[in-house]
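Quick note: the sequence shown uses this note's numbering, first residue 44, plus one each step.
For every residue, glycine included, the Cβ atom is placed at its ideal position computed from N, Cα and C.
See below for the structure under consideration.
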Amino acid sequence: MVSADNLHFDILGLIFAYLSGSDLVSVSLVSRAFLNSVTPRLYHALVFTHFHAKRYPKTVTPFASLLKRPFLAVHVQVCDISSLPLHKGQPNQAFLSDCTKALEICVNITKFRLTPNVLPNFLETLSKKTNLKDLQVNASITTEQAEILTSLQGLRSIRLVHCSWCLMNLFPRWISVLSPTLTHLTLTLTPDLNEVILERILIQLPGLLSLHIRNCMKLEHAVVFRLLAHTPLLENLAVSVYENATTDTSSFAELKNLRLLHLDTHNVFSTATAYNIWSNIIAHTKSTHAPLSILTLQLSGKLVLSDTIVDEILDAHADTLTMLRFVRCGVGVSKLREICSRCGKLEKLAVHVPVKELNSFVGAIGESRSLKLLVDEREVQTPSGRRASLNHEDVRALMAVSPKLRTIISDSRSWKGSGDVENLRITLERLKTSSFPNVMSFP
44 MVSADNLHFD ILGLIFAYLS GSDLVSVSLV SRAFLNSVTP RLYHALVFTH
94 FHAKRYPKTV TPFASLLKRP FLAVHVQVCD ISSLPLHKGQ PNQAFLSDCT
144 KALEICVNIT KFRLTPNVLP NFLETLSKKT NLKDLQVNAS ITTEQAEILT
194 SLQGLRSIRL VHCSWCLMNL FPRWISVLSP TLTHLTLTLT PDLNEVILER
244 ILIQLPGLLS LHIRNCMKLE HAVVFRLLAH TPLLENLAVS VYENATTDTS
294 SFAELKNLRL LHLDTHNVFS TATAYNIWSN IIAHTKSTHA PLSILTLQLS
344 GKLVLSDTIV DEILDAHADT LTMLRFVRCG VGVSKLREIC SRCGKLEKLA
394 VHVPVKELNS FVGAIGESRS LKLLVDEREV QTPSGRRASL NHEDVRALMA
444 VSPKLRTIIS DSRSWKGSGD VENLRITLER LKTSSFPNVM SFP
């Protein structure tokens with residue numbers, strides 16, 4: 044007779060793949076068989092966030108826990124540290140010691156993400172991780188430290204913030220070693236990245252699929268678009284544009300495989316400047332027949348999109364768009380209605396939801412037969428410091444008019460719907476972290 048306890052571990056693993064967090068812990072207490080099956084998932088990732096840092100040292104960290112059970116380190120594949128506990132204003136050295144010791148025994152680490160600026164503490168340990176494929180760190184390091192970092196081989200994805208000039212000088216040499224494997228590259232807030240270095244990098248990466256160059260002041264977007272001639276397979280592009288940027292697209296490379304485009308515009312003091320830049324880029328993606336499915340437009344200051352820009356986006360990519368995100372740039376209700384009616388494949392939309400003028404917004408959303416997720420992009424508070432929020436009836440009204448819309452995210456809350464319009468059941472969950480990286484798949 045077959046029971047849950049004598050099911051094969053692989054089958055139990057597939058079942059438990061649908062669980063996370065405290066549910067996994069609860070399952071592990073059921074029986075020894077369940078514990079053995081759920082253990083690889085419980086220890087798959089070592090995650091430390093601001094939530095944990097506030098409770099240190101009262102709560103045992105995952106690193107300290109692993110050091111007490113080193114035989115479980117074989118299951119760890121991901122290390123994600125986004126915050127640090129402090130002692131007298133400095134990173135807590137006892138915590139960092141536990142982290143490095145725990146990382147040393149994790150021989151199967153494939154992904155390492157470190158947001159705080161403490162990379163030197165981990166460099167020697169990382170240099171021994173032969174299975175590492177995904178690296179995301181703050182790279183403000185010295186020449187000697189950069190030599191250690193650039194010894195890493197076999198990486199598929201690199202995401203670096205605040206790269207020092209020491210690392211930038213070594214970067215092209217490092218890329219020559221990584222060129223057979225590297226497919227995703229992100230460089231953010233790197234003032235020493237210039238046209239010469241970027242060309243030396245991209246010329247060695249003909250198989251690159253994803254490139255994000257953001258907030259690098261010495262690089263105009265036109266330079267980035269021109270150098271994309273070296274990466275003909277590129278599918279994912281994020282780039283920053285500035286007030287004094289050129290609007291000439293004659294030197295832009297063809298973007299025949301581009302599926303995701305993120306444009307964030309900085310230091311723009313007139314709407315005409317931003318619209319002109321965006322218009323030229325959209326015209327280029329249209330002329331090169333880019334199969335764009337995800338588009339993000341982001342401004343440094345809140346503006347309302349002109350009807351012309353929306354028309355150009357729809358004329359170019361209405362048939363292929365599945366996700367749209369407008370950050371600090373509003374969309375008029377009439378144009379939102381047109382977006383929902385013309386984009387037949389649109390599944391995810393992030394846009395400002397005007398709670399006080401919801402009826403017309405609901406009517407616009409009702410034009411979409413494909414929308415599954417709506418995210419409220421809101422930046423501005425009311426003069427009193429408070430802002431109107433979506434309530435249960437607002438959410439029900441939105442879900443009732445769009446047949447597939449069953450998830451709405453607003454004010455760090457996630458509303459979930461199930462059932463048809465007549466039997467619609469709505470539940471509310473508070474999100475602990477930003478929803479965009481997980482549910483919107485935007486850079």
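- For asparagine 135, the secondary structure class from DSSP, reduced to helix, strand or coil, is coil.
- A straight line joining the alpha-carbon of histidine 309 with that of isoleucine 352 spans about 18 Å.
- In the DSSP assignment, isoleucine 469 falls within the unbroken beta strand (DSSP E) covering 468-473.
- Bounds of any alpha helix (DSSP H) do not take in methionine 366; it lies within the beta strand (DSSP E) bounded by 366-373.
- By the Cβ neighbour-count rule, valine 284 is buried, with 16 or more other Cβ atoms within 10 Å of its own.
- About 5 Å separates the beta carbon of alanine 361 from that of cysteine 386, a gap short enough to meet the 8 Å contact definition.
- Going by C-alpha positions, threonine 316 is about 38 Å away from arginine 473.
- Distance from the CA atom of asparagine 160 to the CA atom of leucine 342, rounded to whole angstroms, is 27 Å.
- Secondary structure of tyrosine 318 (DSSP, three-state): helix.
- Taking 8 Å as the upper bound for CB-CB distance, leucine 228 and isoleucine 201 are in contact here, some 6 Å apart.
- When DSSP assignments are scanned along the stretch 235-278, the uninterrupted stretches of alpha helix (DSSP H) that are 4 or more residues long and fall wholly within it turn out to be 238-245 and 264-270.
- When DSSP reads this structure, threonine 229 sits in a beta bridge with Arg202 and His255.
- By the C-beta density criterion, proline 105 is buried, having at least 16 other C-beta atoms within 10 angstroms.
- With respect to the 8 Å criterion, valine 282 and isoleucine 256 are classified as neighbours on the basis of their beta carbons.
- Around glycine 462, the same chain offers Arg468 as residues with beta carbons nearer than 7 Å, after the five sequence neighbours per side are excluded.
- Here alanine 145 has Phe106, Leu109 and Leu110 as same chain residues with Cβ atoms under 6 Å from its own Cβ, once five neighbours each way along the sequence are excluded.
- When the five nearest sequence neighbours on each side are left out, the beta carbons in the same chain lying within less than 6 Å of the beta carbon of arginine 449 are those of Gly460, in order along the chain.
- Taking the Cα positions, valine 347 is about 11 Å away from valine 394.
- For the pair isoleucine 320 and lysine 329, the Cα-to-Cα distance works out to about 14 Å.
- Between serine 432 and valine 398, the C-beta gap is smaller than 8 Å, which places the two residues in contact.
- In the DSSP secondary-structure assignment, histidine 327 is not bridged to any residue.
- In this structure, the CA atom of phenylalanine 214 is about 17 Å from the CA atom of serine 253.
- For the set Val444, Gln120 and Ser194, the Cα lying nearest the Cα of proline 83 is the one of Gln120.
- Between the C-alpha atoms of alanine 137 and serine 219 there is a straight-line separation of about 37 Å.
- If you compare the alpha carbons of Pro100, Leu303 and Thr153 with that of lysine 171, the shortest gap goes to Thr153.
- The Cβ atoms of alanine 443 and valine 464 sit closer than 8 Å to each other.
- Looking at the backbone, the Cα of phenylalanine 165 and that of alanine 182 are separated by about 12 Å.
- Around the CB of glutamate 436, fewer than 16 other CB atoms lie within 10 Å, so the residue is classed as exposed.
- A buried status is given to aspartate 141, since no fewer than 16 other beta-carbon atoms sit within 10 Å of its beta-carbon.
- Its chain contains Thr351, Ile352 and Glu355 as the residues whose beta carbon lies nearer than 8 Å to that of serine 322, once the 5 sequence neighbours on both sides are disregarded; these appear in chain order.
- Counting only runs that start and end inside the stretch 164-200, the beta strand (DSSP E) elements of at least 3 residues fall at 177-181.
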